[in-house]
Amino acid sequence: MGARDDEEAERFVAQQRWPDGARCPKCDSRNVAVRKRRPDRRWPQWRCRDCRRDFTAITGTKWAGSRRCALEIAAVVESVDQQVDQSAEGSSITAGLPASERKVMAALRRRPLGATSAKLAELAAVSPSQTRRALRRLEQRGWTERRNRAINDGHVLAPVSLWALTYGSECISALRYLPQQPAPMPPLPAPDAVPPEFWHLFWSGTSGPELRISEDALRIAGSTIGSNDLSAEAWALATLPLHALQTLEQIRGYQKGDAASLVACEIERRTTARA
Ligand SMILES: [Zn+2]
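In this note's numbering, the protein residues as written are 1342 to 1616.
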């Protein structure tokens, strides 16, 4: 992959360590949250919600405490990976397997009970038509099979085709030599700043680049909600903390009209979603 910068290298190391998403190295829990990035820390941190421990992608590995930067560590991790991938048995089975089939196989591995071809296309990041072609070719090899199921979509039982791996011996050998499909990382905490495209709305007082959502939420709300910039309004309603919207609702000028009903709707949505 050849990471271009430290952040990409950090993501790569984390994906290699936890292909299905981060786990606590202490208690093995998956109930973990990304912590806000601290400038004095060299690696992004997670916190385990079960044992309250903080950890990084290198905690508990031989790299912990190393002075090497993320790019160097990623380069070593990657070269070890390639040695495994290029071993004789693996390369004979997976030789000539097109990239789309490799990606679809990796996606199938993440859905042991089967998935629709549309879902697999999404997981594999391959186009739907390429995914269908890849599934049929893998079926010819005997590595995948199609099962017809009826699923309840809320109103009626709808028939669907679910694809799954056969887990035959050749299929399993191939799987061992396929790269792990990187799992999507948990979303990073939203930055505390106002996006530059909305700075023009703050033409008096603290300027746009200096505003912080954590400290100036009410002022940001007042300048975006009810402004003529509909995207700024939508961003503010989706992003600003609930208390800022609730305070805004009490302010004169936000008790009636379009802006007031947008604010009321969003407060309603968030408070009912939470209950
Ligand atoms: Zn834990």
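Every residue, glycine too, gets a C-beta built ideally from N, C-alpha and C.
Comparing C-alpha positions only, which one of the options sits nearest to residue i?
{"i": "K1367", "options": "T1400, F1353, R1345 and R1378", "result": "T1400"}
{"i": "S1370", "options": "S1470, E1556, V1418 and F1396", "result": "F1396"}
{"i": "Q1481", "options": "W1544, A1491, A1577 and L1438", "result": "L1438"}
{"i": "C1512", "options": "A1499, V1445, A1534 and E1556", "result": "V1445"}
{"i": "R1409", "options": "L1449, D1347 and R1450", "result": "D1347"}
{"i": "A1575", "options": "S1510, A1374, Q1591 and P1536", "result": "P1536"}
{"i": "L1578", "options": "R1593, I1554 and S1407", "result": "I1554"}
{"i": "T1584", "options": "G1483, S1545, G1509 and E1556", "result": "Residue identity check: residue 1584 is His in the sequence provided, not Thr. If we check each option's Cα against that of H1584, E1556 comes out closest."}
{"i": "T1551", "options": "W1544, S1545 and A1534", "result": "The question names Thr, but residue 1551 is Glu in the sequence shown. The option with the nearest alpha carbon to E1551 is A1534."}
{"i": "L1519", "options": "A1491, R1593 and R1443", "result": "R1443"}
Are the beta-carbon atoms of residue i and residue j separated by less than 8 Å?
{"i": "A1447", "j": "A1466", "result": "no"}
{"i": "A1558", "j": "L1542", "result": "no"}
{"i": "R1394", "j": "C1365", "result": "yes"}
{"i": "A1416", "j": "V1354", "result": "no"}
{"i": "W1359", "j": "R1376", "result": "no"}
{"i": "R1450", "j": "L1498", "result": "no"}
{"i": "S1608", "j": "Q1591", "result": "Reading off the sequence, residue 1608 comes out as Ile, not Ser. Taking 8 Å as the Cβ cut-off, I1608 and Q1591 do not qualify as a contacting pair."}
{"i": "P1290", "j": "E1351", "result": "In the structure as shown, the chain begins at 1342 and stops at 1616. Residue 1290 is therefore absent and cannot be evaluated."}
{"i": "P1453", "j": "A1462", "result": "no"}
Please go through the same chain and pick out, in chain order, the residues whose beta-carbon is closer than 8 Å to the beta-carbon of residue i, but skip the five residues on each side of it.
{"i": "D1599", "result": "G1567"}
{"i": "T1457", "result": "V1501, S1502, L1503 and W1504"}
{"i": "S1441", "result": "A1465, V1467, Q1471, T1472, R1474 and A1475"}
{"i": "L1589", "result": "L1559, A1562, G1563, I1566, Y1595 and V1604"}
{"i": "V1418", "result": "F1353, V1354 and Q1357"}
{"i": "S1510", "result": "none"}
{"i": "Q1427", "result": "Confidence in Q1427 is poor, its pLDDT being 48 and thus under 50, which makes the residue's placement unreliable; the coordinate value appears in the next sentence. So the list is empty, once near-sequence residues are dropped."}
{"i": "T1547", "result": "D1557 and R1560"}
{"i": "W1484", "result": "M1446, L1506, T1507, G1509, E1511, C1512 and A1515"}
{"i": "I1414", "result": "A1350, V1354, I1399, W1404 and S1407"}
Can you name, in chain order, every residue of its own chain whose Cβ lies under 7 Å from the Cβ of residue i, other than the five neighbours on each side?
{"i": "G1455", "result": "R1488, L1503, W1504 and A1505"}
{"i": "R1490", "result": "V1501 and L1503"}
{"i": "A1459", "result": "P1469"}
{"i": "E1486", "result": "E1480, A1505 and T1507"}
{"i": "R1378", "result": "P1385"}
{"i": "R1611", "result": "L1583"}
Compute the minimum distance between the beta carbon of residue i and the heavy atoms of ligand 3, and state whether it is under 7 Å.
{"i": "R1473", "result": "Among the ligands in the structure shown, ligand 3 does not appear; only ligand 1 can be found there."}
Which residues in the same chain as residue i place their Cβ atom closer than 6 Å to its Cβ, once the five residues preceding and following it in sequence are excluded?
{"i": "N1372", "result": "R1390 and D1391"}
{"i": "F1539", "result": "A1573"}
{"i": "A1363", "result": "V1373 and W1387"}
{"i": "A1411", "result": "D1347, A1350 and E1351"}
Under DSSP, the beta strand (DSSP E) around residue i begins and ends at which residues?
{"i": "A1562", "result": "From DSSP, A1562 is part of no beta strand (DSSP E) but of the alpha helix (DSSP H) over I1554 to T1565."}
{"i": "S1548", "result": "Premise fails: S1548 is in no beta strand (DSSP E) and is neither H nor E."}
{"i": "W1504", "result": "L1498 to L1506"}
{"i": "V1303", "result": "Residue 1303 is absent from the structure shown; the chain starts at 1342 and stops at 1616."}
Looking at the secondary structure, which residues open and close the alpha helix (DSSP H) in which residue i lies?
{"i": "R1409", "result": "No alpha helix (DSSP H) holds R1409; DSSP gives it neither H nor E."}
{"i": "C1389", "result": "Element bounds for C1389: not the alpha helix (DSSP H) but the beta strand (DSSP E), W1387 to C1389."}
{"i": "A1579", "result": "L1571 to T1580"}
{"i": "A1462", "result": "S1458 to A1465"}
{"i": "A1355", "result": "D1347 to R1358"}
{"i": "A1515", "result": "S1510 to R1517"}
{"i": "A1475", "result": "P1469 to R1482"}
{"i": "A1440", "result": "A1440 to R1450"}
{"i": "A1585", "result": "L1583 to Q1591"}
Is the Cβ of residue i closer than 8 Å to any Cβ of chain D?
{"i": "A1415", "result": "Protein chain content of the structure displayed is limited to a single chain, and chain D is not contained in it."}
(request) Could you name the residues whose beta carbon sits closer than 7 Å to any heavy atom belonging to ligand 1, keeping them in chain order? (result) C1365, K1367, C1368, S1370, C1389, D1391, C1392 and R1394
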